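Under my numbering, the first residue of the sequence shown carries the number 3, and numbering increases by one thereafter. Scroll down for the structure; my scribbles are underneath it.
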Amino acid sequence: MGLTSALNTAVFGIKYNQRQLDVTAANIANADTAGYSKKTVSANVYFDTMGNVSGVTATEVRRIVDEQIQTDYFNSLADTNYARQISDFTDRLDDIFGTREDTSGISVLAGELSASLSLLVNDPGNFAAQSDVVALADAFARELNSSYSQITDLRQEADDSLARQTETVNGLLASIEDIDEAIRDATQAEISTAEMEDERDRLIEQLSGYLDVDVTKESNNTLFIQTADGQQLYADTRASTLSFDSSHTLQPGQPGNTVLVTTGGGTTYDLISGSRSGSMVATAELRDDILLEAQKQLDTIAAEISLAFSNVTEAGTAATVGLDEGFDLDVSGLQPGNTISLEYTDAAGETQTVTLVAVDDPTLLPLDNTATANPNDTVYGIDISSGLPATYITNITAALGGTGLLVSNDGSDNLRVLGDNTAPTSVESLSAEVTVTASSDQGLALAIFVDQRDGAELFTDALEDGGQRVGYASGIRVNPDLLADSALLVNYQTTPTANTANDPARAQYLSEALRNGTTYFDPAAGIGSTSTPFQGTVLDFVNHTVAFQGNQAEDAATYANSKETLTVNLAVRYEESYSVDLDAELAFMVQLENAYAANARVMQTIKDLFDELLRIA
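So this is what it looks like as structure tokens:
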């Protein structure tokens, strides 16, 4: 190696050492800076045709980051924030429903209402016992009202949170766009981008908590960001724009607005449906699924306890025409939402169940089988808008035309359903569930509760206007007639009055309806499934609902803790992969200083040799 080559090597070595010293000093200075990654200098050595060193470049500063651990950590943030959000809200939801031991909870109040009816059976003339039933019914209704209102507030809180999250994500994407443009320009100018990439990573880390994003690096060192389902969020240094219209009043049973994304190319899509995790997805799911389901549970409780008290079963009377047997049924009392149940054996010997649902709006027809919770019935909607029983029967006859049964008007505007001896088909039972319209002279049933949302209206579970059941828990109240006269609990007949005053029969009927009356419950409320819906008493359903909320909150907390643990572990590994080891950096600086001094000595020696050569010359 010639002296010139040696001198070049020493000069380039000093420059390289100086660059390393600068970067190492920056590492030491930023050792405690959050998000700062360790930097190193990479060198490129160039040789001439003779094999001598002709140059050394040390301009490329690289970050020390384990990208696989970084990706795993960022992905875990979406799951953790999702789980944490769900856990927070379901814990508060569980508090609203209370426990089976909570004296003000719906479970305890329902049990006390049942117990008070049992006491009234034993002492029907006791005014205090009558008043106690009314007071507990009122407390139960008010608890449903309060719980429904609190859940509505939670839904509104989630909606407001979604608006803030949308604004935050827009800000993060805009910041990523700014820093990405700077990185692109610096890359093209062959200027170090390490510091800017640290800043960009911090933005991606924040973004990952809101959405489960997939981030890839393009050839020009810029990013391409998409949702878990492959929808574009950021591309070609252009950020997509999120838009969200807050719902100032969330309607019962209705989801709120979604978050829309408009890409740089003008394409629009639903962000929530295009994502799977993150706090934004959790917030939307809470507002539109979990909290809505909780309200449906309250609506179901309110509806079924009302129907248990106010509906009476009208059994058909046996009828025979020639060799054909069946039943006659009075259908004049049908109201929207009331049902007729028919069981028959078809020509193949199979037992069939039919439910006829009365509707006042013919545009709702035909009804789907899901119009009832019974998984084993075939449902037909019957138009009763005419108010004429003869027309009802005509509509029923048309609906049952394919069953092989003999359906007709008995001549007195009663429904007659007979088996066909020649088919052969046979009718096993025919009955109607009818809601009483008065507090007296209609049997033992009593509308203890009414729908107060638009004045005191009878609750019949009508399907019109989206369904009377939707939001009913917010408007259930004790019947004003009962509030005015608690003796209606034991006086159910005005003519004749003999032997009916303070009669325990009505109290017994109401008590049995609550404790022993079983029905299928709407699987949309989350208890049971479409194929195997929950079947039991109202008290059973109340207790299962309270237990469901407790289990849901517990499961959400367990899931959140497990995700939190994973994220914490990944965060530690991620930080270890990029953080500055202060001791190692200080030791390296000593090595660099020694190398700098050695290069300086080489330069001094070469200078001395050149001076000696000049003297000889």
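For each residue, glycine too, the CB sits at the ideal point set by N, CA and C. Keep in mind it's a predicted model, so treat the numbers as computed, not measured.
Tell me whether residue i sits in a helix, a strand or coil according to DSSP, three-state version.
i	result
N124	helix
D483	helix
I193	coil
R471	coil
R621	Here the chain comprises residues numbered 3 to 619, so residue 621 is not present and cannot be evaluated.
Q228	strand
N2	The requested residue 2 is not part of the displayed model; the chain covers only 3 to 619.
S281	helix
D247	coil
A500	Here the model assigns A500 a pLDDT of 48, short of 50, so the residue's position is not dependable, and the following value carries that caveat. Correct three-state label for A500: coil.
A117	helix
Q537	strand
G457	strand
Y271	strand
V438	coil
A141	helix
F329	strand
E201	helix
F451	strand
A237	strand
Using the C-alpha atoms, what's the distance from residue j back to residue i?
i	j	result
T532	Y474	22 Å
T534	L293	23 Å
A130	Q495	21 Å
Y394	R418	12 Å
R617	V43	41 Å
I206	S78	13 Å
A602	I608	10 Å
R186	T224	6 Å
T396	S388	11 Å
D134	D453	21 Å
A139	A117	12 Å
A392	D330	13 Å
N313	A447	6 Å
G267	A562	37 Å
E556	S414	59 Å
P254	E220	46 Å
L541	P377	21 Å
T218	P364	55 Å
G113	A137	13 Å
G324	Q551	57 Å
E345	Q537	19 Å
P126	V438	22 Å
S194	R64	8 Å
I2	N481	Outside the shown range of the chain (3 to 619) lies residue 2, about which nothing can therefore be said.
Q70	Q233	22 Å
Y576	S275	30 Å
Using only CA atoms, which one of the options lies nearest to residue i?
i	options	result
L174	Q208, E183 and D162	Q208
P525	D81, Q299 and T439	Q299
N545	D81, A80, D74 and G107	G107
V333	V436, D363, N493 and Y346	V436
L432	L448, T355 and N481	T355
N504	V110, L490 and T497	L490
S403	E352, D348, A507 and D216	According to the sequence as given, residue 403 is Gly; it is not Ser. Comparing Cα-Cα distances from G403 to each of E352, D348, A507 and D216, the minimum goes to D348.
D443	R86, R508, Q152 and V67	R508
R289	L156, P482 and P368	L156
S163	V136, S109, A284 and R144	A284
Q167	F536, T243 and G552	T243
I181	Q190, T239, A80 and L465	T239
A296	I450, Q233, N416 and Q152	Q152
N124	V492, I450 and L366	V492
G421	D326, D483, T497 and L484	D326
D68	T170, P368 and D203	D203
Y236	N222, D216 and S245	D216
Does the contact criterion of 3 or more C-beta pairs under 8 Å hold for the stretch 147-165 versus the stretch 88-104? By the Cβ rule, the stretch 147-165 counts as touching the stretch 88-104, because three or more pairs are nearer than 8 Å.
Are three or more beta carbon pairs between the stretch 563-577 and the stretch 318-327 nearer than 8 Å? Between the stretch 563-577 and the stretch 318-327, the count of Cβ pairs shorter than 8 Å is below three; the stretches do not touch.
Would the stretch 451-461 and the stretch 366-378 be scored as touching if the rule is three or more Cβ pairs under 8 Å? No contact exists between the stretch 451-461 and the stretch 366-378.
Note down, one range per segment and in chain order, each alpha helix (DSSP H) of at least 4 residues found wholly within the stretch 58-110. For the stretch 58-110, whole alpha helix (DSSP H) runs of length 4 or above, ordered along the chain, are 69-99.
So, does the stretch 412-429 touch the stretch 276-284, judging by three or more C-beta pairs under 8 Å? With a cut-off of 8 Å, the stretch 276-284 and the stretch 412-429 do not count as touching, because too few Cβ pairs lie within range.
Could you say if the stretch 206-221 and the stretch 241-256 meet the contact criterion of at least three C-beta pairs nearer than 8 Å? No, the stretch 206-221 is not in contact with the stretch 241-256.
Within 8 Å, do at least three Cβ pairs link the stretch 359-371 to the stretch 381-397? They touch, by the three-pair rule.
Segment contact, 8 Å Cβ cut-off, at least three pairs: the stretch 296-310 with the stretch 506-522: Judged by Cβ distances under 8 Å, the stretch 296-310 makes contact with the stretch 506-522, as three or more pairs qualify.
Below 8 Å, can you find three or more Cβ-Cβ pairs linking the stretch 336-346 to the stretch 462-472? Because the criterion of three Cβ pairs below 8 Å is met, the stretch 336-346 and the stretch 462-472 touch.
Three Cβ pairs or more, each shorter than 8 Å: is that satisfied between the stretch 253-266 and the stretch 509-517? The answer is no - the stretch 509-517 does not touch the stretch 253-266, with fewer than three Cβ pairs under 8 Å.
Please list the segments of the alpha helix (DSSP H) lying wholly inside the stretch 282-364, counting only runs of 4 or more residues, in order along the chain. Taking only runs of at least 4 residues, the alpha helix (DSSP H) segments lying wholly in the stretch 282-364 are 293-312.
Hey, which unbroken runs of the alpha helix (DSSP H) at 4 residues or more fall wholly within the stretch 370-432? With a minimum length of 4 residues, the continuous alpha helix (DSSP H) runs that stay inside the stretch 370-432 are 391-401.
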